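If you read the protein sequences in the order shown, they are chains S and E.
Following our numbering, the residues of the first sequence are numbered contiguously, the last one being 507.
Following our numbering, the residues of the second sequence are numbered contiguously, the last one being 497.
Glycine is no exception: its CB is placed at the ideal position from the N, C-alpha and C atoms.
Because the structure is a prediction, the values reported are computed rather than measured.
Below is one structure; the comments refer to it alone.
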Amino acid sequence: MSAITGHFSYWVTVFLMVAGLYIIISRTNLLKKLIGLAILQTSVYLLYIAPGKLIGGTAPIIADGFSSYSNPLPHVLILTAIVVGVATLALGLALVVRIREAYGTIEEDEILGQED
Amino acid sequence: MLEHLPALQVVLPLVAAPLIVLARHRGFAWLATTAVSYLCLVIAILLASRVMEGGAVSYAIGNWPPPWGIEYRVDALSSFVLVLVALTASFVAPYAHRSIAAEVPAERHYILYAMYCLCLAGLLGITITGDAFNVFVFLEISSLAMYVLIALGKRRKALVAAYQYMLMGTVGATFYVIGVGLLYLMTGTLNLADMAERLRAVEDVRPVLAALAFITVGIGLKLALFPLHQWLPNAYAYAPSMVTAFLAATATKVSVYVLLRFYFGVFDPSALFERLPMREVFIALSVAAMLSASLVAFYEQDVKRLFAWSSVAQIGYITLGIGLDNQASLTGSITHLLNHGVTKGAIFVLLGAVALRSGAISVSVASLSGLGRRMPLTAFGLVIAGLSLVGIPGTAGFISKWYLIVGALERGMWWVVAVIVGASIIAVGYVWRVVEAAYLHPAQGATPVRHEAPAGMLAAALGMVILCVYFGIETSFSVGAARDAALLLLGGAR
Chain S
392 MSAITGHFSY WVTVFLMVAG LYIIISRTNL LKKLIGLAIL QTSVYLLYIA PGKLIGGTAP
452 IIADGFSSYS NPLPHVLILT AIVVGVATLA LGLALVVRIR EAYGTIEEDE ILGQED
Chain E
4 MLEHLPALQV VLPLVAAPLI VLARHRGFAW LATTAVSYLC LVIAILLASR VMEGGAVSYA
64 IGNWPPPWGI EYRVDALSSF VLVLVALTAS FVAPYAHRSI AAEVPAERHY ILYAMYCLCL
124 AGLLGITITG DAFNVFVFLE ISSLAMYVLI ALGKRRKALV AAYQYMLMGT VGATFYVIGV
184 GLLYLMTGTL NLADMAERLR AVEDVRPVLA ALAFITVGIG LKLALFPLHQ WLPNAYAYAP
244 SMVTAFLAAT ATKVSVYVLL RFYFGVFDPS ALFERLPMRE VFIALSVAAM LSASLVAFYE
304 QDVKRLFAWS SVAQIGYITL GIGLDNQASL TGSITHLLNH GVTKGAIFVL LGAVALRSGA
364 ISVSVASLSG LGRRMPLTAF GLVIAGLSLV GIPGTAGFIS KWYLIVGALE RGMWWVVAVI
424 VGASIIAVGY VWRVVEAAYL HPAQGATPVR HEAPAGMLAA ALGMVILCVY FGIETSFSVG
484 AARDAALLLL GGAR
């Protein structure tokens with residue numbers, strides 16, 4: 392039982408990771424591939440954040456009455472990773488818009504079928 | 004001022020990019036980019052000479068001492084890669100002016116230069132930083148800029164190539180950051196040197212092995228390790244010429260640097276290569292890359308794609324040296340970073356000149372006919388760089404292949420020597436196709452008129468060709484620094 396409940400956040404992380412990768416590989420729609428990419432990146436946020444949290448822990452400010460602190464570093468790292476993720480997604484969407492203008496479709500097989 | 008050189012190395016191009024976007028002026032953008040590239044080269048050389056004299060330079064960003072703050076660390080290996088990146092940039096930037104005029108609409112030039120500066124900042128940042136997460140951030144800065152640069156290509160296929168590269172590159176970077184996350188969970192530190200020490204206690208725990216797998220695959224995607232190379236031929240073929248030259252000479256090389264850092268500087272190399280089957284994996288994949296990609300190149304009709312496939316094969320040589328894991332082979336690998344960077348950079352710079360004068364949307368092998376008469380200097384440059392690609396004595400390519408062969412012999416692997424020679428013979432084949440078309444095939448149509456590339460482009464291109472020969476004869480910098488770096492990696496890597 393504890394293998395599931397004790398590692399609950401990891402199970403969710405792994406599920407999201409695999410789901411994201413599967414979408415990227417299996418879909419031919421360029422937009423759906425980007426959705427898969429976003430899910431994959433989200434799983435990483437969870438991988439970092441979840442172990443940094445102590446249940447009952449507070450922000451690491453030394454004060455009377457508080458003895459257990461959550462690790463702030465993963466949060467800061469993931470803030471950066473989220474910014475990177477947003478930038479990647481924005482660029483990806485911009486590319487999809489341009490591809491649609493140039494090819495008239497966002498289905499990968501139809502694009503690869505068209506001659507230059 | 005001088006003690007801040009490591010920070011300036013990254014900050015200069017990083018600051019130049021927004022300034023270029025604000026100014027929105029083509030001429031200013033070009034001047035700023037060229038100036039920044041030269042300054043970066045000066046800084047890289049100053050840093051390299053300081054490392055050669057007094058050992059590694061450590062710089063604490065914001066004065067937060069490592070391992071708490073982000074450390075910039077310049078040692079024998081990183082200074083070598085810094086010089087490679089800055090050297091390529093300072094050849095490509097002045098050349099870009101004429102090259103992109105024909106390939107990119109004028110109103111987008113300033114964007115191209117801004118992205119080029121960002122990409123340069125990212126690549127230099129990956130190399131100089133001693134912090135695992137910082138590597139990821141710079142990796143994404145350089146990669147995002149790179150996707151935009153590729154998408155600026157003239158043909159609409161450039162968009163699809165950029166999208167595919169973006170997808171695979173982002174998956175690669177995400178895998179890398181998963182690996183770093185697992186290592187962080189096990190060690191509680193992100194400083195690479197600190198991480199290496201703390202990892203010794205938990206070497207065989209499963210998360211560390213998982214981290215190794217994620218980092219290997221993630222960086223493998225970025226460096227186009229066979230069979231993760233599918234993005235490379237299209238990205239190289241459809242990007243603007245100057246972008247291809249810059250990308251081919253630097254991006255994959257910097258990723259190899261990250262792999263070297265992790266394999267020899269963070270993980271325990273003896274565990275990797277003795278207890279885990281990494282040697283067999285790397286040798287097998289490298290051999291497959293060298294043979295199969297060379298064969299594909301031999302049958303390719305588009306010249307840019309031909310040399311892109313040859314890049315996949317050449318990356319095989321570099322990873323082969325990692326797999327052989329001894330001092331000679333690593334010296335060969337690290338030297339090949341520079342030698343192949345210069346050689347491939349020269350080839351793509353020259354092909355950019357050919358594309359400019361032919362005006363065609365793509366350059367096929369057949370359309371090179373008569374090039375020896377139309378553009379004698381460019382064609383001659385292609386021959387020299389081609390010889391360096393093959394590894395003829397007296398050129399840069401020979402030196403690194405020599406060390407790889409010595410490394411293979413030290414391991415007693417005769418069949419690997421045979422593969423190195425065999426792949427080089429196939430390289431003779433595809434380089435010969437280009438030479439044959441340029442010199443022996445009669446030109447199509449009327450008698451060819453001599454129409455050489457513009458002087459500025461030609462100067463940059465021939466400069467790189469001269470470097471191909473220079474590094475083949477005078478090896479005190481290339482092999483000397485690479486040997487120091489190999490010793491550093493094998494001697495516990497601090």
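Can you confirm whether S/Ala450, when its beta carbon is compared against all beta carbons of chain E, has any partner nearer than 9 angstroms? Taking Cβ atoms only, chain E never reaches closer than 9 angstroms to S/Ala450, which makes this a no.
Can you say whether E/Gly191 is buried or exposed, counting buried as having 16 or more other CB atoms within 10 angstroms of its CB? Counting Cβ neighbours within 10 Å, E/Gly191 comes out exposed, since fewer than 16 surround it.
Which partner residues of E/Arg201 appear in the DSSP bridge assignment? Bridge partners of E/Arg201 according to DSSP: none are assigned.
Classify S/Ser461 as helix, strand or coil using the three-state DSSP reduction. Coil at S/Ser461, not helix or strand.
Cβ closer than 7 angstroms: which chain S residues qualify as neighbours of E/Thr173? Chain order gives the chain S residues near E/Thr173 as Leu428, Thr479, where near means a beta carbon separation below 7 angstroms.
How should S/Phe399 be labelled, buried or exposed, when 16 other C-beta atoms within 10 angstroms of its C-beta is the threshold for buried? It is exposed - the Cβ of S/Phe399 has fewer than 16 other Cβ atoms within 10 Å.
Helix, strand or coil for E/Asp207 per DSSP? In the displayed model, E/Asp207 falls within coil according to three-state DSSP, outside both helix and strand.
From E/Gly425 to S/Leu445, what distance separates their C-alpha atoms? The C-alpha of S/Leu445 is placed about 58 angstroms away from the C-alpha of E/Gly425.
For the structure I just gave you, are there three or more beta carbon pairs, one from the region 48 to 62 of chain E and one from the region 218 to 225 of chain E, closer than 8 angstroms? Not touching, per the Cβ criterion.
Counting only C-beta atoms, is S/Leu470 closer than 9 angstroms to chain E at any point? No, no contact with chain E.
Can the beta-carbon of E/Lys256 be found closer than 9 angstroms to that of E/Val88? Contact flag set, yes.
Between E/Tyr187 and chain S, is any beta-carbon pair separated by less than 9 angstroms? Among the residues facing chain S, E/Tyr187 is included, as its CB has a counterpart in that chain under 9 angstroms away.
I believe E/Leu309 touches E/Val368 by the beta-carbon criterion, under 8 angstroms. Please report the beta-carbon distance rounded to the nearest angstrom. Separation of the CB atoms of E/Leu309 and E/Val368 is rounded to 7 angstroms, and the pair is thereby assigned contact status at 8 angstroms.
Less than 9 angstroms between CB atoms is the rule here; does S/Leu421 satisfy it with respect to chain E? Interface residue, yes.
Can you tell me the Cα-Cα spacing of E/Leu186 and E/Ala109, whole angstroms? Roughly 46 angstroms separates the two Cα atoms.
Chain E residues whose Cβ lies nearer than 7 angstroms to that of S/Ile473: Close to S/Ile473, with beta-carbon spacing below 7 angstroms, lies no residue of chain E; the smallest spacing is near 12 angstroms.
Using DSSP with H/G/I as helix, E/B as strand and the rest coil, what is E/Ser365? E/Ser365: coil per DSSP, three-state reduction.
Beta-carbon separation of E/Ile350 and E/Gly394 under 9 angstroms? With contacts defined by Cβ atoms closer than 9 angstroms, E/Ile350 and E/Gly394 do not form a contacting pair.
So the alpha helix (DSSP H) E/Tyr116 belongs to, where does it begin and stop? Element bounds for E/Tyr116: 112 to 131.
Got a sec: which bits of the region 483 to 503 of chain S sit with their beta carbon under 8 angstroms from any beta carbon on chain E, in order along the chain? Taking 8 angstroms as the Cβ-Cβ cut-off against chain E, the residues of the region 483 to 503 of chain S that qualify are Gly483, Leu486, Val487, Arg489, Ile490, Ala493, Tyr494, Ile502, Leu503.
Check whether E/Ser156 and E/Ala242 have beta carbons under 9 angstroms apart: Reading off the sequence, residue 156 of chain E comes out as Gly, not Ser. Going by beta carbons, E/Gly156 and E/Ala242 fall inside the 9 angstroms limit.
In three-state terms, what does DSSP make of S/Thr449? Of the three classes helix, strand and coil, the one that applies to S/Thr449 here is strand, per DSSP.
Among S/Pro465, S/His466, S/Gly447, S/Ile469, the one whose alpha carbon lies nearest that of S/Ser459: Nearest C-alpha to S/Ser459: S/Gly447.
Considering only residues of the same chain and omitting the five flanking positions on each side of E/Ile286, which have a CB-CB separation below 6 angstroms? Spatial neighbours of E/Ile286 in its own chain (CB-CB distance under 6 angstroms, excluding positions within 5 residues in sequence) are listed in chain order as Gly326.
Please return the same chain residues whose Cβ sits closer than 6 angstroms to the Cβ of E/Ser146, not counting the five positions on each side in sequence. The answer, listed in chain order, is Gly172.
CB-CB under 8 angstroms to E/Val422, same chain, minus the five flanking residues each way: which ones, in chain order? Residues Val290, Met293, Leu294 of the same chain have their beta carbon placed closer than 8 angstroms to that of E/Val422, with the five preceding and five following residues left out of the count.
Select from the region 134 to 165 of chain E all residues with a C-beta closer than 8 angstroms to any C-beta belonging to chain S, and list them in chain order. So the list reads Phe136, Phe139, Val140, Glu143, Leu147, Tyr150, Val151, Ala154, Arg158, Arg159, Lys160, Leu162, Val163, Ala165, given in the order they occur along the chain.
Quick check on DSSP: helix, strand or coil for E/Val452? Three-state DSSP puts E/Val452 in coil, outside helix and strand.
When you compare the region 467 to 478 of chain E with the region 320 to 334 of chain E, are there three or more beta-carbon pairs, one atom per stretch, that lie closer than 8 angstroms? Not touching, per the Cβ criterion.
Residues that S/Gly435 contacts on chain E, provided the C-beta gap is smaller than 7 angstroms: Note on identity: in this sequence residue 435 of chain S is Val, with Gly being the wrong assignment. Listed by position along chain E, the residues whose Cβ is nearer than 7 angstroms to that of S/Val435 are Thr177, Val180, Ile181, Gly184.
Measuring straight from C-alpha to C-alpha, what distance separates E/Leu359 and E/Ala105? When rounded, the distance between both Cα atoms is 7 angstroms.
Pairs of beta-carbons, one from the region 488 to 495 of chain S and one from the region 68 to 84 of chain E, closer than 8 angstroms: are there three or more? The region 488 to 495 of chain S, when compared against the region 68 to 84 of chain E, does not touch it at the 8 angstroms Cβ threshold.
For a contact meaning CB atoms closer than 7 angstroms, what does E/Leu235 contact in chain S? The contacting residues do not exist; E/Leu235 stays about 17 angstroms from chain S at best.
Please report the straight-line C-alpha distance between E/Arg376 and E/Gly362, rounded to a whole angstrom. Rounded to the nearest angstrom, the two C-alpha atoms are 17 angstroms apart.
Check whether chain S comes within 9 angstroms of E/Leu231, counting only Cβ atoms and requiring the distance to be less than that. Taking CB atoms only, E/Leu231 has no neighbour in chain S less than 9 angstroms away.
From E/Tyr168 to E/Ala154, what does the alpha carbon distance come to, in whole angstroms? CA-to-CA, the gap between E/Tyr168 and E/Ala154 works out to about 10 angstroms.
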